[in-house]
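Per the UniProt record's numbering, the sequence shown starts with residue 1, numbered consecutively. Ideal Cβ positions, reconstructed from N, Cα and C, are used throughout, including at glycine. Remarks on the structure that follows.
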Amino acid sequence: MANKLIGEMDLLKRISNIFAARNIITAKDALSMTEFELMELLDVGMKEIQSAVRLISEAASPPCQSARSLLEQKVENEYLLGHLPTHLKGLDSALCGGIPFGVLTELVGPPGIGKSQFCMKLALSASFPKAYGGLDGRVIYIDVESKFSSRRVIEMGLKSFPEVFHLKGMAQEMAGRILVLRPTSLSDFTESIQELKESILKNQVKLLVIDSMTALLLGENKPGAQRQQHQLGWHISFLKSLAEFARIPIVVTNQVRSQNRDETSQYSFQAKLKDGFEEHTRTYDSHLVAALGINWAHAVNIRLVLESKSGQRIIKVAKSPMSPPLAFPFHITSAGISLLSDDGTELKGPGINNIHARAKWKDRFQEHTRRYDSHLVAALGINWDHAVTIRLVLEAKSGQRIIKVAKSPMSPPLAFPFHITSEGISLLSDDGAELKGRGINNIHARGIILCAE
1 MANKLIGEMD LLKRISNIFA ARNIITAKDA LSMTEFELME LLDVGMKEIQ
51 SAVRLISEAA SPPCQSARSL LEQKVENEYL LGHLPTHLKG LDSALCGGIP
101 FGVLTELVGP PGIGKSQFCM KLALSASFPK AYGGLDGRVI YIDVESKFSS
151 RRVIEMGLKS FPEVFHLKGM AQEMAGRILV LRPTSLSDFT ESIQELKESI
201 LKNQVKLLVI DSMTALLLGE NKPGAQRQQH QLGWHISFLK SLAEFARIPI
251 VVTNQVRSQN RDETSQYSFQ AKLKDGFEEH TRTYDSHLVA ALGINWAHAV
301 NIRLVLESKS GQRIIKVAKS PMSPPLAFPF HITSAGISLL SDDGTELKGP
351 GINNIHARAK WKDRFQEHTR RYDSHLVAAL GINWDHAVTI RLVLEAKSGQ
401 RIIKVAKSPM SPPLAFPFHI TSEGISLLSD DGAELKGRGI NNIHARGIIL
451 CAE
């Protein structure tokens, strides 16, 4: 309620415009100041200030209700609003039917983990006929980094729902229901979402996707963290208000960044590092955090974390009022994201909020050979990883050169063996092997290095 926009309350237009001109956007902004502070800042009389504060307080404060009436309201809202099915049985069960309407859902994870592919599958589901489990509506897809691929959406449809997509004209009809916007700046994006409010209802829009929010906000606000947080606050408030007003799910992707020293050891028990010299396996999973910070984390209603831990892709229900923290292993195929098990594992401890990437390095002291295959990473770091749309990895594993499609919104992870001749690079096979587990993100070189005793 604190994030309710003042511009949507029943204030006098003149007073509402003065609030907006002074960057007092939400109920929280106004009610965090005294009446005298507001009178001085807005340069209006005390009576008008008191009247405005009363109206804002009434709009922001819900009436007292009994537990029974809240339960009845929840059941009624779920019936009226509904859910967007992800077609991942275990995840849909955990979320009581799928991505709920009227709230803000976040997908966060490292680059290449499958966030954009998840979004495209949701867009397909929202545009799908109701008879086949869809919402039979339109989708607005705000594609900030040009990752949306209609070809990939159609491929997912053909593989996931062949009985429908092979009908004449169905693929073109489904693709035609997805409107893709590509804002060139934060101001362009802000203008676009403000114009969407009325058109969403008129055009039967059932889903709004923003991929990615991080690229928009961090791309323009390098100099001022305070300015960035202010703009983030406005966008959070507007998007939550839009989801509630239009009764649709809004799905937003968030990128990750490395933890700093303070974040990794906030508590004494988190700072203890196990000495692994006695072990033959040491884990180098890097711990990452969501890029948009704590205010954003509080604002989203549902957080789904996509990560890679010890070579296995995992989707976690890290924050949800409908479910305990759960983890589901998954992989990406030509049909999109598929769960390896519908039985989620309950999470406890710090693993709920940690975001992992990479895999393991095995250190076998008793052997004469040591493998350094998984010890290589791309040099330009996590921000560069997020920025590139397609990543092709060229590597050498056990003497064989391989080119991998490690990150692409148009393809599942694939590997092709190749060699180099006088004519250049030549594939040894045109049939790419689908990749699963740690092989996707690891970069291998050479193979085995022999060590003297």
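### Query
Hey, residue 208 and residue 135: beta-carbon distance below 8 angstroms or not?
Locating residue 208 in the sequence shown gives position 208, where the first residue counts as 1. Locating residue 135 in the sequence shown gives position 135, where the first residue counts as 1. Taking 8 angstroms as the Cβ cut-off, residue 208 and residue 135 do not qualify as a contacting pair.
### Message
Below 8 angstroms on the Cβ atoms is my contact criterion, and I expect residue 44 with residue 15 to pass it. Report the Cβ-Cβ distance as a whole number of Å.
### Response
Your numbering for residue 44 matches position 44 in the sequence shown. Your numbering for residue 15 matches position 15 in the sequence shown. Rounded, the Cβ-Cβ distance is 7 angstroms, consistent with contact.
### Task
Take every Cβ of the region 171-181, pair it with every Cβ of the region 136-156, and state whether three or more of those distances are shorter than 8 angstroms.
Look at the beta carbons and you see the region 171-181 touching the region 136-156: at least three pairs across the two are nearer than 8 angstroms.
### Task
With DSSP as the reference, label residue 404 as helix, strand or coil.
Here residue 404 refers to the residue found at position 404 of the sequence shown. Reduced to three states, the DSSP call for residue 404 is strand.
### Query
Which of helix, strand or coil does DSSP assign to residue 190?
Residue 190 sits at position 190 when you count from the first residue of the sequence shown. Of the three classes helix, strand and coil, the one that applies to residue 190 here is helix, per DSSP.
### Task
Go to residue 179, then tell me how far its alpha helix (DSSP H) extends in each direction, as first and last residue.
The residue you call residue 179 lines up with position 179 of the sequence shown. Where residue 179 is concerned, there is no enclosing alpha helix (DSSP H), although the beta strand (DSSP E) it sits in stretches over 178-181.
### Task
Note the first and the last residue of the continuous alpha helix (DSSP H) segment covering residue 90.
Position 90 of the sequence shown, counted from the first residue, corresponds to residue 90. Residue 90 -> alpha helix (DSSP H) spans 89-94.
#### Entry: Helix, strand or coil at residue 105 according to DSSP, with G and I counted as helix
Your numbering for residue 105 matches position 105 in the sequence shown. Strand at residue 105.
### Query
For residue 232 versus residue 217, is the C-beta spacing smaller than 8 angstroms?
Here the question's residue 232 lines up with position 232 in the sequence shown. Here the question's residue 217 lines up with position 217 in the sequence shown. Going by C-beta atoms, residue 232 is nearer than 8 angstroms to residue 217.
### Query
In three-state DSSP terms, what is residue 253?
One-based indexing of the sequence shown puts residue 253 at position 253. In the three-state scheme derived from DSSP, where H, G and I count as helix and E and B as strand, residue 253 is classed as strand.
### Query
Does the beta-carbon of residue 100 have 16 or more other beta-carbons within 10 angstroms, so that it is buried, or is it exposed?
Here residue 100 refers to the residue found at position 100 of the sequence shown. Per the 10 Å Cβ criterion, buried.
### Task
Keeping to the same chain, check which residues put their C-beta closer than 8 angstroms to that of residue 192; ignore five residues upstream and five downstream.
Stepping through the sequence shown from its first residue, residue 192 is reached at position 192. Here the set comprises 142, 181 and 183.
### Message
Do residue 288 and residue 357 have their beta-carbon atoms positioned less than 8 angstroms apart in this structure?
### Response
For this step, residue 357 is matched to residue 357 along the sequence shown. For this step, residue 288 is matched to residue 288 along the sequence shown. Cβ distance < 8 angstroms, so residue 357 and residue 288 count as in contact.
#### Entry: Counterpart residues of residue 50 in DSSP-defined beta bridges
For the purposes of this step, residue 50 is taken as the residue at position 50 of the sequence shown. Residue 50 pairs with nothing; no bridge assigned.
### Task
Can you have a look at residue 19 and say buried or exposed, based on whether 16 or more other CB atoms are within 10 angstroms of its CB?
In the sequence shown, residue 19 corresponds to position 19, counting from 1. Around the beta carbon of residue 19, a 10 Å sphere encloses 16 or more other beta carbons of the protein chains shown; the residue is thus reported as buried.
### Task
Kindly indicate which three-state DSSP category residue 456 falls into: helix, strand or coil?
Since the first residue of the chain shown is 1 and the last is 453, residue 456 is not available in this structure.
### Message
Spatial neighbours of residue 189 within its chain, please: C-beta separation below 6 angstroms, excluding the five flanking residues on both sides.
### Response
Counting from 1 along the sequence shown, the entry for residue 189 is found at position 189. Here the set comprises 183 and 216.
### Task
Please confirm if the region 298-307 is in contact with the region 423-438, defined as three or more CB-CB distances below 8 angstroms between the two stretches.
Taking a contact to require three or more Cβ pairs closer than 8 angstroms, the region 298-307 and the region 423-438 do not qualify as touching.
### Query
Quick one: what does DSSP say residue 214 is sitting in, helix, strand or coil?
Taking the first residue of the sequence shown as 1, we reach residue 214 at position 214. Of the three classes helix, strand and coil, the one that applies to residue 214 here is helix, per DSSP.
### Query
Can you tell me whether residue 36 is buried or exposed, with buried defined as 16 or more other CB within 10 angstroms of its CB?
Residue numbering aside, residue 36 sits at position 36 when the sequence shown is read from its first letter. Result: exposed.
### Query
Counting Cβ pairs, one atom from each stretch, are 3 or more of them under 8 angstroms apart for the region 28-35 and the region 50-68?
Touching, yes, given that three or more Cβ pairs across the two stretches are closer than 8 angstroms.
### Task
Report the residue from 325, 203, 258 and 335 whose alpha carbon sits nearest the alpha carbon of residue 382.
Translated into positions along the sequence shown, residue 382 becomes position 382. Nearest C-alpha to residue 382: 258.
### Message
For residue 168, count the other beta carbons within 10 Å of its own beta carbon; 16 or more makes it buried, fewer makes it exposed. Which is it?
### Response
Locating residue 168 in the sequence shown gives position 168, where the first residue counts as 1. The residue in question, residue 168, is exposed, as its Cβ has fewer than 16 Cβ neighbours within 10 Å.
### Query
Using DSSP with H/G/I as helix, E/B as strand and the rest coil, what is residue 162?
Position 162 of the sequence shown, counted from the first residue, corresponds to residue 162. The three-state secondary structure of residue 162, taken from DSSP, is helix.
### Query
Which residues share a DSSP beta bridge with residue 205?
As a working mapping, residue 205 is identified with position 205 in the sequence shown. 138.
### Query
Between residue 114 and residue 306, is the Cβ-Cβ spacing less than 8 angstroms?
Sequence index remark: in the sequence shown, residue 114 carries index 114 (1-based). Sequence index remark: in the sequence shown, residue 306 carries index 306 (1-based). Their beta carbons are under 8 angstroms apart, which means residue 114 touches residue 306 by this criterion.
### Query
Helix, strand or coil: how does DSSP classify residue 243 here?
Position 243 of the sequence shown, counting from 1, holds the residue named residue 243. Residue 243 falls in the helix class under three-state DSSP.
### Task
Measure the beta-carbon distance from residue 149 to residue 409 and round it to whole angstroms, keeping in mind my assumption that it falls under 8 angstroms.
The residue you call residue 149 lines up with position 149 of the sequence shown. The residue you call residue 409 lines up with position 409 of the sequence shown. Confirmed, about 5 angstroms.
### Query
Does the distance from the CB of residue 60 to the CB of residue 31 come in under 8 angstroms?
Locating residue 60 in the sequence shown gives position 60, counting from the first residue. Locating residue 31 in the sequence shown gives position 31, counting from the first residue. Yes; because the gap between Cβ atoms is below 8 angstroms, this pair is in contact.
### Message
Is it buried or exposed, residue 105, if we count other Cβ atoms within 10 angstroms and call 16 or more buried?
### Response
As a first step, residue 105 must be located in the sequence shown, where it is residue number 105. By the Cβ neighbour-count rule, residue 105 is buried, with 16 or more other Cβ atoms within 10 Å of its own.
### Query
Buried or exposed: residue 385, going by 16 or more other Cβ atoms within 10 Å of its Cβ?
The residue labelled residue 385 in the question sits at position 385 within the sequence shown. Its Cβ being crowded by 16 or more others within 10 Å, residue 385 is buried.
### Query
To the nearest angstrom, how far is it from the Cα of residue 332 to the Cα of residue 440?
Here residue 332 corresponds to residue number 332 of the sequence shown, with the count starting at 1. Here residue 440 corresponds to residue number 440 of the sequence shown, with the count starting at 1. A direct Cα-to-Cα measurement between residue 332 and residue 440 gives close to 11 angstroms.
#### Entry: Proximal residues to residue 102 (C-beta, below 6 angstroms), its chain only, five neighbours per side dropped
For the purposes of this step, residue 102 is taken as the residue at position 102 of the sequence shown. Around residue 102: 81, 243, 244 and 247.
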